[in-house]
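> Structure below; questions to follow.
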Amino acid sequence: MCGHDISDKPRGGALAVLSPTTPSPGPNRDHLPPCRGDLAFHTPGSPSSKIATHARWTRTPGDDVSCVEDLLVVIHESGDLTHKPEDCGLFRQFAFSRNTASVIGNGQALEIPLAPPISLEVGRHGIIGRRVSLFHNLHNLTDSSFSTTRMSVAAEGIVGFNFVLPVSSSL
-3 MCGHDISDKP RGGALAVLSP TTPSPGPNRD HLPPCRGDLA FHTPGSPSSK
47 IATHARWTRT PGDDVSCVED LLVVIHESGD LTHKPEDCGL FRQFAFSRNT
97 ASVIGNGQAL EIPLAPPISL EVGRHGIIGR RVSLFHNLHN LTDSSFSTTR
147 MSVAAEGIVG FNFVLPVSSS L
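In our numbering, the protein residues as written are -3 to 167.
Printed below as a string of structure tokens:
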């Protein structure tokens, strides 16, 4: 990469690049917009932090703006994308909504604080290597569980490190 990086994307922390999945069973699947984008877990101002205090969903430019409205993020116990989401366990879940999140970058991204913060480590308490599913139809969520019979998977990916390269003063 050449030149000065002027991106407003979080550096450091963890990142899941999410892509649309094959259609899953669920009501009204045909009219849902495609969802592609990045889900960054970070602590603003502390790129080397081992915990994330914020999550930011940034949709891919050109995708329907309604893609970033009323989404449920599910971080699974497993990182296996070959099984159904409901078979991968629930590690943590949280909601993204235009009503509760900060809108960033002319509506391209939503950011929320995480309470409690999430560990950015590999292993029992961390999220690195775990599967992440993004669900539509957040308003159908009524308890702490999730069900693909009530919600449709919009996108999925695996959480990985979002490295920050040290700045070198020599070329």
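Note that the Cβ used here is the ideal one computed from N, Cα and C, for glycine as well.
For Phe157, list the residues DSSP reports as bridge partners.
In the sequence shown, counting from the first residue as 1, residue 157 sits at position 161. Listed as beta-bridge partners of Phe157 by DSSP are Ala10.
> By a C-beta neighbour count over all protein chains shown, 10 Å radius and 16 as the cutoff for buried, is Val118 buried or exposed?
Residue mapping note: residue 118 aligns to position 122 of the sequence shown, counting from 1. The residue is exposed, with fewer than 16 neighbouring Cβ atoms inside 10 Å.
> From which residue to which residue does the beta strand (DSSP E) around Arg55 run?
Locating residue 55 in the sequence shown gives position 59, counting from the first residue. The continuous beta strand (DSSP E) containing Arg55 extends over residues 47 to 55.
> Near Leu77, what residues of its chain come up, given a Cβ to Cβ distance below 8 Å and the 5 sequence neighbours on each side ignored?
Taking the sequence shown and counting its residues from 1, the one referred to as residue 77 is at position 81. So the qualifying residues of the chain are Arg127, Glu152, Ile154.
> Going by DSSP, which residues form a beta bridge with Val98?
Here residue 98 refers to the residue found at position 102 when the sequence shown is read from its first residue. Before going on, a small fix: residue 98 reads as Ser here, not Val. For Ser98, which the question treats as bridged, DSSP gives the partners Glu107.
> Measure the C-alpha to C-alpha separation of Leu67 and Pro40 and round it to an integer number of angstroms.
Your numbering for residue 67 matches position 71 in the sequence shown. Your numbering for residue 40 matches position 44 in the sequence shown. Taken atom to atom, the span from the alpha-carbon of Leu67 to that of Pro40 is near 22 Å.
> Can you tell which of Val69, Gly156, Arg55, Ser74 has its C-alpha closest to the C-alpha of Arg120?
Position 124 of the sequence shown, counting from 1, holds the residue named residue 120. Closest option to Arg120, Cα to Cα, is Ser74.
> Using CA atoms only, rank isn't needed, just tell me which of Arg55, Thr56, Gln89, Lys80 is closest to Ile123.
Counting from one through the sequence shown, the residue named residue 123 turns up at place 127. Selected option, being the one with the closest Cα: Gln89.
> According to DSSP, is Asp34 helix, strand or coil?
Taking the sequence shown and counting its residues from 1, one reaches residue 34 at position 38. Of the three classes helix, strand and coil, the one that applies to Asp34 here is strand, per DSSP.
> For Phe92 and Asn102, I'd like the C-alpha separation in whole angstroms.
Mapped onto the sequence shown, residue 92 falls at position 96. Mapped onto the sequence shown, residue 102 falls at position 106. So the alpha carbons of these two residues sit roughly 16 Å apart.
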